[in-house]
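All residue numbers in the sequence shown are consecutive under numbering that gives the first Met the number 0, ending with 379. Don't be surprised by glycine CBs; every beta carbon is placed ideally from N, CA and C. Here the structure comes first, spelled out in C-alpha cells, and everything after it is commentary.
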Amino acid sequence: MTDIHHTTHSTSHLILRNQRVDAQRAINNRSMTQVPSQKELKNLSRFVMKKPFKSLNERKVASKEKDAQIEKARREGLMLTINKQMQDTANYFNQRNDELNARTLMILRGLIKDSDTKEDILEKVLDLYPDFTLADEALEYLLQTTHGELRNQVQLAKDELNARYGREIVAGKNIALQAKEFSEAGLGSPTALRDMYRDITGNPREVHTLFDELSRLFDYEKLKTASNFLFHSLGADLKAKGPSISRAELARLMEDTRTLQAILGVYFFFKERMKLIHKQFANNELAFPDRLTFEVLAQKFMQLIKERYISADRVKQLAKQLGVTEEELAQIILFTQMRDAIRLVSPRIYRNQKHKEEALAAIIEALEDLEEELEEEEEE
C-alpha cells in the first residue's frame, strides 16, 4: 500500500511539473510573436515618418474646408434647381404669349438684384418692355420667380405700373388676339397696333381727322385693313369683362369706325372710276396729270366734304390741287365724278342730309359755271 501511494504521488507531481513547463513555453512563444524584430521596427519607423502629422488646428481647418465644399455643392445644386424653375416659368410665359421671349425674361430676371427697390425694378422692366401690357406680364413673371422682400418690391412695382397705365394695360390685354392677327396680316407689330389703338381710344378725335392721320400712315390697301383692325378691336374691348374705357365711349367709337369705313368707300369709288377718267382724257386729247391718282381724288373730295360751308368757288379751287387749271374740260370730267360720288357713297360721310344736299348743289353749280366758260371759249 505504501509503495502504491508513493508511486501515485510521484506520478501526479510529474504531471503538474510538465503542465507548468508547457504553460511557460506558450507564454514565451506568445511574447516572442508580439515583440517586433529590429527589421520590423525599422520599417515601422519609416512608415510613421512618411505619414504626415496634422496638428489639432490643421485638422479643424481641414474640417471647415470640407464643410465649405459640401455647402458649395449644396448651393450649386440649389442654384441649378432655382435656374431650372426660372427657365420653366419663362417657357410657360412664352407659351402663353409668344411676344414674351423666354431668354429675354431670363435676362430680365438676371438684372434684378436683391437690393432693388420698386423704382429700380420698374425701370429695368420698362427698358426691356416699353409696351405696358408686356411690362405687366413681365412683372408677373418676376413675382413667380422671387421671394421675400424682393418679391414685395416686385409687387409694389406692378401696383405702380397699373396705377399709372391701367387703361393702356387693359386695352392691350383686351385686344391681344386682334393685335396678333392683324400683325400677321402685315399691318405692323403687335406693340405698334396696341399703341395705335390706345391712342385712338384714349384721345378721341373727329372721324375725318382720324382718317387723315391714318391715310398718312397707310396706303389704300392697308387703310382698309387698319379700319378692320380698329372695328374688331373695339368690339373685343366692348365685350371684355373689364373694358379699357366706358362701354358708351367704345360704342361711339365703333360708330366712328363705320364712318371711317364709309370714307374708305369713297376711295373705292374713285379707284373704280379711274379707267373711265383715263378714257375721257384720252378721247378729248387731254394731258393726264402725273400726280393724279384715285387716292388724290378721294383725298381732295373728302377735304371738300369737311368744309363747314361748301360753295361753287371752293369746288373750282380744287382744280389747282388736281393739276388741271388750264383745261375747263378736264375740270368738268373730274368734278362730274365728284358729283356722282356725292350721290353714290355712304351717307355716313356727311354731317346730315342738309350737308349732303349743300355739297351736291355746290358741285353742280361749279359744273354749270365751267360749261358756260367752255361754251364761251368755243364761240370765240
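Tell me the residue span of the alpha helix (DSSP H) that contains residue i.
i: I331; result: 327 to 343
i: K179; result: 175 to 183
i: Q442; result: Only positions 0 to 379 of the chain appear in the structure, and residue 442 is not among them; the question remains open.
i: A137; result: 131 to 143
i: Y219; result: 219 to 238
i: K319; result: 317 to 321
i: K112; result: From DSSP, K112 is part of no alpha helix (DSSP H); its letter is neither H nor E.
i: I362; result: 352 to 378
i: I348; result: Taken as a continuous stretch (DSSP letters only), I348 belongs to no alpha helix (DSSP H), as it is neither H nor E.
Of the choices the options, whose alpha-carbon is the least far from that of residue i?
i: R342; options: D119, P129, I304, E326; result: I304
i: L213; options: S243, E167, I262; result: I262
i: L252; options: F268, D289, F269, G201; result: G201
i: F217; options: G185, L99, A235, R246; result: G185
i: R275; options: D339, N351, A311; result: The residue you asked about is not Arg; residue 275 is Leu in the sequence shown. Nearest option by C-alpha distance: D339.
i: E254; options: E367, A239, E205, A297; result: E205
i: L237; options: N227, S226, A250, A225; result: A250
i: L209; options: S226, L142, D97; result: S226
i: E377; options: G241, G264, L328, R347; result: L328
i: K221; options: R347, Q320, Q352, F267; result: F267
i: H146; options: K319, S114, E167; result: S114
i: E370; options: E183, I348, E326, K83; result: E326
i: G165; options: F131, S182, Q84; result: F131
i: Q86; options: L127, D126, I111, T144; result: T144
i: A170; options: E180, R150, Y196; result: Y196
i: L285; options: V323, T258, Q260, R257; result: V323
i: G109; options: N82, T224, D289; result: N82
i: L321; options: E118, F300, T88; result: F300
i: V265; options: R313, R347, E357; result: R347
i: D211; options: S182, Y91, K223, Q298; result: Q298
i: K319; options: P288, K157, L155; result: P288
i: E118; options: E167, N93, D126, A156; result: A156
i: I309; options: S345, Q330, H354; result: H354
i: R257; options: A358, N151, S345; result: S345
i: T88; options: T116, L141, L127, D126; result: L141
i: E148; options: Y128, I111, N161; result: I111
Helix, strand or coil for residue i, going by three-state DSSP, please let me know.
i: A286; result: coil
i: I26; result: Low confidence applies here, because I26 scores a pLDDT of 44, under 50, leaving its location unreliable; read the following figure in that light. Helix, per DSSP.
i: Q279; result: helix
i: P203; result: coil
i: E98; result: coil
i: L186; result: coil
i: Q33; result: Caution is warranted here: a pLDDT of 44 is assigned to Q33, below 50, making its placement in the model unreliable, and no coordinate value can be reported.
i: Y266; result: helix
i: G165; result: helix
i: T116; result: coil
i: S214; result: helix
i: I244; result: coil
i: I106; result: helix
i: Y308; result: coil
i: Y128; result: coil
i: T324; result: coil
i: A156; result: helix
Please confirm whether any heavy atom of the ligand NAP lies closer than 7 Å to the CB of residue i.
i: I244; result: The ligand NAP is not part of the structure shown, which contains no ligands of any sort.
With a threshold of 8 Å, are at least 3 pairs of Cβ atoms found where one atom belongs to the segment 173 to 182 and the other to the segment 216 to 232? Yes, the segment 173 to 182 touches the segment 216 to 232.
Would you say the segment 351 to 369 touches the segment 322 to 336, given that touching needs at least three Cβ pairs under 8 Å? By the Cβ rule, the segment 351 to 369 counts as touching the segment 322 to 336, because three or more pairs are nearer than 8 Å.
Cβ contact (3+ pairs, closer than 8 Å) linking the segment 236 to 248 and the segment 273 to 290: With the cut-off at 8 Å, the segment 236 to 248 and the segment 273 to 290 do not touch.
Tell me whether the segment 88 to 105 and the segment 113 to 126 touch, counting them as touching only if at least three CB pairs, one residue from each stretch, are closer than 8 Å. With the cut-off at 8 Å, the segment 88 to 105 and the segment 113 to 126 do not touch.
Quick check: the segment 289 to 296 against the segment 304 to 315, are at least 3 beta-carbon pairs closer than 8 Å? Short answer: they don't touch.
Give a yes or no on contact between the segment 135 to 142 and the segment 86 to 105, applying the rule of three or more CB pairs nearer than 8 Å. Three or more pairs of CB atoms, one per stretch, sit closer than 8 Å, so the segment 135 to 142 contacts the segment 86 to 105.
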